[in-house]
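Residue numbers (the working numbering): 5 to 564.
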């Protein structure tokens, strides 16, 4: 996209002239959601927490000194990187963790995730060279596309645009492994392979057990593409099953995350088991390559914790500090998050005040996208550079981390874009075979069907494009076009509950409940209820501490 501005004010965002990627289109969210950086809670000066619990505005020297002293005193620290930062910023977080903190405890996945996903990313996604990665051109030419745990219209609109283009101009056929045919799948003339959340591995392993699945199996081949979404991270065995299906049929395989910064953070090494360029942190040879490029001593070899592992360790007092970069705690869906932020020494790099600010000991302000230059790496692995639209004094995360590392006695060399690019060019991509990448403290798979006296249903959820996300704050007219919140159920479940279209039901777990009007979907898998992940009045992860595949109870009527 390009950013148009006048007199220091962003006026609009438009699709850049990049037809290979976007056909010169962008989505409504990309075009209009830019007012968040102009709101009154914008941070421009550092904050330090006082003994009485209040926050005091301080200068940069005092803030950096306080942050460094707290990190030293903590003894151990982890780094949580949100999926919205640029590739350069993600690289700095990854390098800061290894050099300044001496740990592999760094993870860009500020969302539900798993050790299986980390291994999948290392084996099938990171540093895929020319010809190996799936591209938009491959979608245009695909004979068939199988969507698994991925809703393109909501989660990656330009992918949806290209799929719709392919469906209209050629014989591309779309299949979706999902609990119901969404509006986007219907627009693509897609065929549904009905699957309850958590059962994707079985569905992929037994595609021919249903009529639509058999048709999908017949369509998969050398000219087909399998697109998997980040939701499969919490469906045991699903990512491995997708990789096995691709290998067995000859179809191409691609992973499409929701957030713009996730692929770049993966390439930059912001994952506990991976160093920059996809190098396994567990291999001495890979660590040596990075040590040579960084001109430093031995890098940490101990297996790092993932996001959930760091949160749980901090809550238990096993991790003394957390460095947080643009993470909304509500996105994590973890019961221990508040306890972790309260117990650990927290340094938070933020654009605006947030839930992290409420617990942070030091807050360091950073620049939003319009006020810095950098690059993002899209799902293809294609680098998309951007320039600063506004000339302000705000600093990128990578420069702030460079200053903090210097206060800790480490020369990070991430002050400028040129330094980072030179290092990454020197490193290049890892050419060896990736071993299993499993972070320490990875939680065991959760049983999806625990035996209980009351009949349970399984939650299905994904984020809609326009929701209650903080990057859409300050744009009420865009928010007014968001889809209404509904609880989508099958006719059989609606009949058992005794509810009709539009009547309220309450979806609940032991942690909370959400009430929403029912929408009956004829093709919905029974014993499944769908809710939007983060819409107004429907914050699934923060309220229910749940995600797709979690067992919930559904009752008639609103919450009391």
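Cβ atoms here follow ideal geometry from the backbone N, Cα and C, with glycine treated the same way. Quick caveat, the model's predicted, so the values are computed rather than measured.
- Here DSSP, grouped into helix, strand and coil, assigns residue 394 to coil.
- A residue is called buried when at least 16 other Cβ atoms come within 10 angstroms of its Cβ; residue 184 meets this threshold and is buried.
- A check of alpha carbon separations from residue 93 across 57, 280, 154 and 199 identifies 280 as the nearest.
- In the three-state scheme derived from DSSP, where H, G and I count as helix and E and B as strand, residue 481 is classed as helix.
- The C-alpha of residue 208 is placed about 26 Å away from the C-alpha of residue 135.
- Note that the stretch 54–63 does not touch the stretch 340–355; fewer than 3 beta-carbon pairs, one per stretch, sit closer than 8 Å.
- Between residue 117 and residue 339, the gap from beta carbon to beta carbon reaches 8 Å or more.
- Collapsing the DSSP output to three states places residue 407 in a helix.
- Straight-line measurement puts the Cα of residue 248 at about 40 Å from the Cα of residue 352.
- Excluding its 5 nearest sequence neighbours in each direction, residue 320 has no C-beta neighbour in its own chain below 6 Å.
- In the DSSP assignment, residue 314 falls within the unbroken alpha helix (DSSP H) covering 311–319.
- Between residue 22 and the set 493, 141, 236 and 110, the nearest pair of CA atoms involves 141.
- Put simply, the backbone Cα of residue 43 is about 10 Å away from that of residue 355.
- 175 is the residue among 175, 550 and 52 whose C-alpha sits nearest the C-alpha of residue 192.
- Between residue 313 and residue 277, the beta carbon gap of about 12 Å keeps them out of contact (Cβ cut-off 8 Å).
- Around the C-beta of residue 12, fewer than 16 other C-beta atoms lie within 10 Å, and the residue is accordingly described as exposed.
- Contact check for residue 558 against residue 550 fails: the beta carbons are separated by 8 Å or more.
- In this structure, DSSP gives residue 229 an extended state, which the three-state scheme calls strand.
- In this model, residue 25 and residue 491 are separated by some 34 Å (Cα to Cα).
- For residue 386, the secondary structure class from DSSP, reduced to helix, strand or coil, is coil.
- Contact between residue 196 and residue 228 is absent: CB atoms are separated by about 17 Å, not below the 8 Å threshold.
- Residues 468 of the same chain have their beta carbon placed closer than 6 Å to that of residue 487, with the five preceding and five following residues left out of the count.
- For the pair residue 180 and residue 260, the Cα-to-Cα distance works out to about 15 Å.
- In this structure, the alpha-carbon of residue 235 lies about 9 Å from that of residue 115.
- If you look at residue 350, you'll find it in the beta strand (DSSP E) that goes 349–354.
- Annotation for residue 470: 32, 33, 476, 482, 483, 485, 486 and 487 place their beta carbon closer than 8 Å to its own, counting only its chain and skipping 5 residues before and after.
- Per DSSP, residue 560 lies in no alpha helix (DSSP H) segment; the continuous beta strand (DSSP E) that holds it begins and ends at 555–560.
- Exclusion of the five residues before and after residue 414 leaves 103 and 104 as the residues of its chain whose Cβ lies within less than 7 Å of its Cβ.
- Considered as a whole, the stretch 69–151 harbours 91–99, 119–128 and 140–145 as its complete alpha helix (DSSP H) runs of no fewer than 4 residues, in chain order.
- Secondary structure note for residue 380: its beta strand (DSSP E) is the uninterrupted segment 378–381.
- By the 16-neighbour rule on beta-carbons within 10 angstroms, residue 505 is exposed.
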